[in-house]
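Have a look at the structure below, then the notes.
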Amino acid sequence: MIAEVIINSNVKNLNRTFDYNIPFDMEEKISIGSRVLVKFGNIKSLEEGFVVNIKESSEFQVKDIADVEEKDFVDEPRVEMAKWMAHRYFCNVFDCIKLMLPPGTGTKDVQKRVREKSLNSVRLLKNKSQIDDDIENKILKSEKQIKVLNFLIDNDDVLLTDLETITEVSKAIIKTLEKNGYVEIYEKQIERNPFIHKVVERNTSLNLTEEQQHAYDMVENAIDDYMNSEFLLYGVTGSGKTEVYLQLIKKVLAEGKSSIMLVPEISLTPQTVDRFISRFGQENIAVLHSKLSVGERYDQWYKIKSGKAKIVIGARSAIFAPVEDLGIIIIDEEHDGSYKSEMTPRYNVKDIARYLGKKYDVPIVYGSATPDMDTYYRASKGDIELLELTKRANNSKLPKVEIVDLKQELTNGNRSMISTKLYKAIEENLKNKKQTILFLNRRGYSTFVMCRDCGFTAKCKNCNITMTYHIKQNRLKCHYCGYECNALSVCPDCKGKNIRYFGTGTQKLEAEINKLFPKASTIRMDVDTVNKKNSHEEILNKFKNENIDILIGTQMVVKGHHFPNVTLVGVIAADTNLNIDDYRASEKTFQILTQVAGRAGREKDEGNVIIQTYNPDNFSIEFSKKQDYKLFYNLEAKLRKQLKYPPFCDIIMLGFSSENENDIKKVSSDVHKYLKSKIENDNIPIILYKPVPAPIDKIKNKFRWRIIIKCKFEDNIIDIINNCINNVFGKRNSSVSMIVDVNPNNML
Ligand code: ADP
Ligand code: ZN
Numbered sequence: 014m015i016a017e018v019i020i021n022s023n024v025k026n027l028n029r030t031f032d033y034n035i036p037f038d039m040e041e042k043i044s045i046g047s048r049v050l051v052k053f054g055n056i057k058s059l060e061e062g063f064v065v066n067i068k069e070s071s072e073f074q075v076k077d078i079a080d081v082e083e084k085d086f087v088d089e090p091r092v093e094m095a096k097w098m099a100h101r102y103f104c105n106v107f108d109c110i111k112l113m114l115p116p117g118t119g120t121k122d123v124q125k126r127v128r129e130k131s132l133n134s135v136r137l138l139k140n141k142s143q144i145d146d147d148i149e150n151k152i153l154k155s156e157k158q159i160k161v162l163n164f165l166i167d168n169d170d171v172l173l174t175d176l177e178t179i180t181e182v183s184k185a186i187i188k189t190l191e192k193n194g195y196v197e198i199y200e201k202q203i204e205r206n207p208f209i210h211k212v213v214e215r216n217t218s219l220n221l222t223e224e225q226q227h228a229y230d231m232v233e234n235a236i237d238d239y240m241n242s243e244f245l246l247y248g249v250t251g252s253g254k255t256e257v258y259l260q261l262i263k264k265v266l267a268e269g270k271s272s273i274m275l276v277p278e279i280s281l282t283p284q285t286v287d288r289f290i291s292r293f294g295q296e297n298i299a300v301l302h303s304k305l306s307v308g309e310r311y312d313q314w315y316k317i318k319s320g321k322a323k324i325v326i327g328a329r330s331a332i333f334a335p336v337e338d339l340g341i342i343i344i345d346e347e348h349d350g351s352y353k354s355e356m357t358p359r360y361n362v363k364d365i366a367r368y369l370g371k372k373y374d375v376p377i378v379y380g381s382a383t384p385d386m387d388t389y390y391r392a393s394k395g396d397i398e399l400l401e402l403t404k405r406a407n408n409s410k411l412p413k414v415e416i417v418d419l420k421q422e423l424t425n426g427n428r429s430m431i432s433t434k435l436y437k438a439i440e441e442n443l444k445n446k447k448q449t450i451l452f453l454n455r456r457g458y459s460t461f462v463m464c465r466d467c468g469f470t471a472k473c474k475n476c477n478i479t480m481t482y483h484i485k486q487n488r489l490k491c492h493y494c495g496y497e498c499n500a501l502s503v504c505p506d507c508k509g510k511n512i513r514y515f516g517t518g519t520q521k522l523e524a525e526i527n528k529l530f531p532k533a534s535t536i537r538m539d540v541d542t543v544n545k546k547n548s549h550e551e552i553l554n555k556f557k558n559e560n561i562d563i564l565i566g567t568q569m570v571v572k573g574h575h576f577p578n579v580t581l582v583g584v585i586a587a588d589t590n591l592n593i594d595d596y597r598a599s600e601k602t603f604q605i606l607t608q609v610a611g612r613a614g615r616e617k618d619e620g621n622v623i624i625q626t627y628n629p630d631n632f633s634i635e636f637s638k639k640q641d642y643k644l645f646y647n648l649e650a651k652l653r654k655q656l657k658y659p660p661f662c663d664i665i666m667l668g669f670s671s672e673n674e675n676d677i678k679k680v681s682s683d684v685h686k687y688l689k690s691k692i693e694n695d696n697i698p699i700i701l702y703k704p705v706p707a708p709i710d711k712i713k714n715k716f717r718w719r720i721i722i723k724c725k726f727e728d729n730i731i732d733i734i735n736n737c738i739n740n741v742f743g744k745r746n747s748s749v750s751m752i753v754d755v756n757p758n759n760m761l
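If you read the sequence shown in our numbering, its first letter stands for residue 14, the second for the next number, and so on.
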């Protein structure tokens, strides 16, 4: 028998299978999905591969499979799904299979690690900018050392053995880094069970309200009838969506089937998990979370694979958990951007959920207080069943929202970031010992540095983007590539000394609040204060438990937590998202304002929300004052329809990047020509734009161009693009890399 094997490789041309002979003694062990080792080309060592098909014979002269892993990792349906994904997301099948493998696959000593209780772990002692400086100043030269450090920047606190295998460096290299003060190697207690330290009180189902009961019944019918129906549970924050999920999962569990419960990464807090543990107990639950160590994730993965845990709670990638007998998929906060992957494979978890739902005839429940335009559109067409929860479950009122016009504030002579109305409200709140959240979606101190004399603006030397001033280190930072330099006192162009700092970030806001309210305690939460493991959690706990007066933060403050004592939320500048070059600007603004507003007054005290803006007449701001999603949806849908934006058509972005701009021009123009000819031939209704530089046309010294296609993302365009990649793009040897992203989160 012959196996078609896909080899683990990022090389584009290897996105095809190779035939290998299955030796007689392996025939029993090898099936579709088996992990094998094979000799490939002239490479000395054996390469990893997966069997994706088995057939009688091959037209080629074939080698034998060298070895096969005893355990099965992926099964035939999963290999099918990986193939489907690779075609749809324009990537290698192997990239997709990787998402379905147990964490740490490929590392030899995973097995050994499972039995051990404490192991050497490595953590960083320097931060990213210090490391970047050392690289720039040639203090750090060894490529291997840099590789290890870069890996640690993205995944701090990694087991030594993992680090060695993943980065393929020897222990000596890591020891050198320790000697030079970059990392620390320490004995880490391995928590075999990430919940073990917790004793959570068990509770039972609540009596559902009428609305909840209706929603529950509808989904229950679908479960009973093995229907692949989709439901949108649209309910304001605190309306009891989670209680509905819990009872649906209970039903599925009672039938011996599994549930996948997805939540946005940032909402996957211990509090969230506790609600499930207190209902179902630890033994039934597995949590898949990027903050778990590789070993912990491995345990959770096997807890699912072995059938012990039938409830999977996790972020995006948990959709690939190895569940048997799937009974329901629930996607909470379904509008959240984190459900779309911004890395290869650039999948949207909802596509995958629909694929699985269809295949296994199970219902999908999407939940949100501010549904994604696309989801609501599908609900309005009847493709998704709309289930509404219109009231808060504990009868607390929705907060009162007021809008302050900052232009008017300026006319009145108030140049501060805090309007008179917000100032008075904070003052009142401090007096009443209530807590306040101030939200500003920009970090740093000043966002824009300019020379008054010649108009010079400080831009990153690697990226075409302005630098942000960070007062604590007195440095300018690029928020795209992390490049830093000293703050300017003299203009590099005209040598003038009139350097001015414009714009505001969370650092400046905190400084201003400390000046205006010297007695108030404040805590800040943004990327600069949140870095180590759990720190996001720690800041929020501190705010809650120590009753800090004012929490100042970016986007991060919006999600999750329930703060009973918060009665005032101030939005410092509602316009930050409005002026970006993105068709979803209004949607994002509406969502974020509604969500921040939802943080106020969740208990008996009524909440107050003050939104400051330069665009009080903008509809997304106006409707968030009314907290009326449907008004917002109707108007936004009209605009999107006129402009041919999702949900009325899809946006396919072909992104090109290279250090050589001429190469980009050439390649993107060839791709454009090919697409144009195919589209004209096939007569597809499509809008194809010419290649142009992206809004941010340079990042990390690479030029960025793009081609935008507007059309329905269906088989014919998918085929055309795949052919283009294979026949035009893949055939050339140039410096240009290309990605294809469908309805990308980030249009910049
Ligand atoms: P959501 O998920 O929509 O934000 P939750 O499910 O968290 O809402 O519910 C908000 C609060 O209301 C929680 O404290 C929850 O325990 C309570 N709650 C939900 N449903 C009921 C119910 N049927 N009866 C009483 N309290 C409820
Ligand atoms: Zn930069």
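For every residue, glycine included, the Cβ atom is placed at its ideal position computed from N, Cα and C.
Going by the DSSP bridge assignment, what does residue 274 pair with across the sheet? 326, 343
Continuous beta strand (DSSP E) stretch holding residue 762: start and end: There is no way to answer for residue 762, as the model of the chain reaches only from 14 to 761.
Residues around the ligand ADP, please: the condition is that the C-beta lies closer than 6 Å to some non-hydrogen atom of it. Chain-ordered list of matching residues: 219, 220, 221, 222, 225, 248, 250, 251, 252, 253, 254, 255, 256, 406, 407.
Near residue 91, what residues of its chain come up, given a Cβ to Cβ distance below 7 Å and the 5 sequence neighbours on each side ignored? 46, 113
Can you name the residues that DSSP bridges to residue 566? 452, 538
Whole alpha helix (DSSP H) elements within the segment 264–315, 4-residue minimum: Listed in chain order, they are 283–293.
Buried versus exposed call for residue 515 [16 or more other C-beta atoms within 10 Å across all chains shown]: exposed
Give every residue of the same chain whose Cβ lies closer than 7 Å to the Cβ of residue 588, excluding the five residues on either side of it in the sequence, and list them in chain order. 626, 627, 628
Can you grab the Cα-Cα spacing for the pair residue 571 / residue 340, in whole Å? Here the alpha carbons of residue 340 and residue 571 stand approximately 31 Å from one another.
Per-residue burial, residue 270 [other beta carbons within 10 Å of its own, 16 or more giving buried]: buried
When you compare only the Cα positions, how much space is there between residue 160 and residue 672? 21 Å
By how many angstroms is the C-alpha of residue 582 removed from the C-alpha of residue 610? 7 Å
Whose C-alpha, out of 356, 755, 377, is nearest the C-alpha of residue 233? Checked all of 356, 755, 377; the closest Cα to residue 233 is 377.
Just list the alpha helix (DSSP H) runs in the segment 486–545, keeping only unbroken ones of 4 residues or longer that don't cross its boundaries, in chain order. For the segment 486–545, whole alpha helix (DSSP H) runs of length 4 or above, ordered along the chain, are 519–529.
Could you give the distance in angstroms between the alpha-carbon of residue 122 and the alpha-carbon of residue 273? Any reading at residue 122 needs caution, since the residue's pLDDT is 43, under 50, leaving its predicted position unreliable; the model's value is listed next. Cα to Cα, the separation comes out at about 29 Å.
For residue 315, which residues of its own chain have a beta-carbon under 8 Å away from its beta-carbon, when the five flanking residues on both sides are left out? 115
What number of angstroms, rounded off, separates the C-alpha of residue 186 from the C-alpha of residue 157? 7 Å
Look at the Cβ atom of residue 359, then the Cβ atom of residue 658, and state whether they are nearer than 8 Å. no
Roughly how many angstroms lie between the CA atoms of residue 562 and residue 439, to the nearest whole one? 9 Å
Using a threshold of 8 Å, state whether the C-beta atoms of residue 737 and residue 662 are closer than that. no
Opposite residue 625 in the DSSP bridges: which residues? Answer is 417.
Opposite residue 97 in the DSSP bridges: which residues? Partner(s): none; residue 97 has no beta bridge.
What three-state label does DSSP hand residue 724 in the structure shown? Secondary structure of residue 724 (DSSP, three-state): strand.
Among 285, 304, 104, nearest to residue 298 - alpha-carbon criterion: 285
If you draw a straight line from the C-alpha of residue 447 to the C-alpha of residue 557, how long is it? Taking the straight line joining both Cα atoms gives about 11 Å.
Is the distance from the Cβ of residue 722 to the Cβ of residue 697 below 8 Å? no
Starting from the Cα of residue 701, find the closest Cα among 686, 254, 550, 79 and give me that residue. Answer by Cα proximity: 686.
Could you tell me whether the segment 395–415 touches the segment 302–312, where touching means 3 or more Cβ pairs closer than 8 Å? no
According to DSSP, what are the bridge partners of residue 398? Residue pairing by DSSP puts residue 398 in a beta bridge opposite 244.
Across which residues does DSSP place residue 261 in a beta bridge pair? DSSP, once it has assigned bridges, lists no residue as partnering residue 261.
Confirm, please, whether the CB-CB distance from residue 477 to residue 754 is below 8 Å. no
Which value, in whole angstroms, describes the spacing of the CA atoms of residue 756 and residue 76? 43 Å
Just grab the DSSP bridge partners of residue 583 for me. 451, 623
Which value, in whole angstroms, describes the spacing of the CA atoms of residue 39 and residue 78? 9 Å
Note down, in chain order, each residue of its chain lying with its Cβ closer than 8 Å to the Cβ of residue 361, except the 5 sequence neighbours on either side. 352, 353, 354, 755, 756
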